[in-house]
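The structure under discussion appears below in the form of structure tokens.
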Amino acid sequence: DLEVLEAAEHAWFHLLHLHGDEVMFDRLARYPVQAVNWHDRETPPSLTDARKRFAGALCGGLRQWETMVRGTPEDVRREAADAIRQTGGRGFILGTGCVTPIVAPTSNIRAAREAVEREG
């Protein structure tokens, strides 16, 4: 991992994605990255706890399948608002804990953007 980051050190932004349910957050959050993303709704730490343990930007807040694909726009707005509250809306990138599935309804993607505009 560190070899890849060193090879890409000239890039202006590095986002580390921690996949799975045992992500070793504290160990990997020491990597030289500007942001970290993980399935925060499914595995520790919460966004609130991660804010205390990582100085860079946090990325997440939305469950990719339950909320973004199978949820309603209101579910997305509610979960987004909670994530923004957990982080104080600073140093935070709203997104899913992994990729946003291509089958996510446009209305849910729009609801995420609206939540950021309203809450953030």
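If you use the numbering used here, the sequence shown corresponds to residues 240 to 359, in order.
We treat Cβ as the ideally placed atom computed from N, Cα and C, and that holds for glycine.
These numbers come from a predicted model, not from an experiment.
With DSSP as the reference, identify every bridge partner of residue 337, one or two as the case may be.
Along the sequence shown, one-based indexing puts residue 337 at 98. Residue 337 is not bridged to any residue.
Please classify residue 309 as buried or exposed, where buried requires at least 16 other C-beta atoms within 10 Å of its C-beta.
The count along the sequence shown starts at 1 and reaches residue 309 at position 70. That one is exposed.
Which residues bound the alpha helix (DSSP H) around residue 289?
Locating residue 289 in the sequence shown gives position 50, counting from the first residue. Its alpha helix (DSSP H) spans residues 286-292.
Quick one: residues in its chain with C-beta nearer than 8 Å to the C-beta of residue 349, no 5 flanking neighbours on either side, listed in chain order?
Counting from one through the sequence shown, the residue named residue 349 turns up at place 110. If we look at residue 349 and ignore the five residues flanking it on each side, its Cβ neighbours are 312.
Extent of the continuous alpha helix (DSSP H) to which residue 343 belongs:
Here the question's residue 343 lines up with position 104 in the sequence shown. Element bounds for residue 343: n/a, residue is neither H nor E.
Put residue 264 into one of helix, strand or coil per three-state DSSP.
Position 25 of the sequence shown, counted from the start, is the residue given in the question as residue 264. In this structure, residue 264 counts as helix in the three-state DSSP scheme.
Cβ pair residue 332, residue 296 closer than 8 Å
Here the question's residue 332 lines up with position 93 in the sequence shown. Here the question's residue 296 lines up with position 57 in the sequence shown. Yes, these two residues count as a Cβ contact at 8 Å.
Any contact between the segment 331-345 and the segment 261-269? By contact I mean 3 or more CB pairs, one from each, below 8 Å.
no
On the criterion of 16 or more Cβ atoms from any shown chain inside 10 Å, does residue 318 qualify as buried, or is it exposed?
Numbered from 1 along the sequence shown, position 79 holds the residue referred to as residue 318. Burial call: buried.
Distance, residue 284 Cα to residue 300 Cα
Within the sequence shown, residue 300 is the residue found at index 61, counting from 1. Within the sequence shown, residue 284 is the residue found at index 45, counting from 1. Taking the straight line from one Cα to the other gives about 12 Å.
Could you pull the start and end residues of the beta strand (DSSP E) that residue 429 belongs to?
Coverage of the chain is limited to positions 240 through 359, which leaves residue 429 absent and any answer about it impossible.
Candidates 286, 303, 267, of which the one nearest residue 337 by Cα
Locating residue 337 in the sequence shown gives position 98, where the first residue counts as 1. The shortest C-alpha separation from residue 337 is found at 303.
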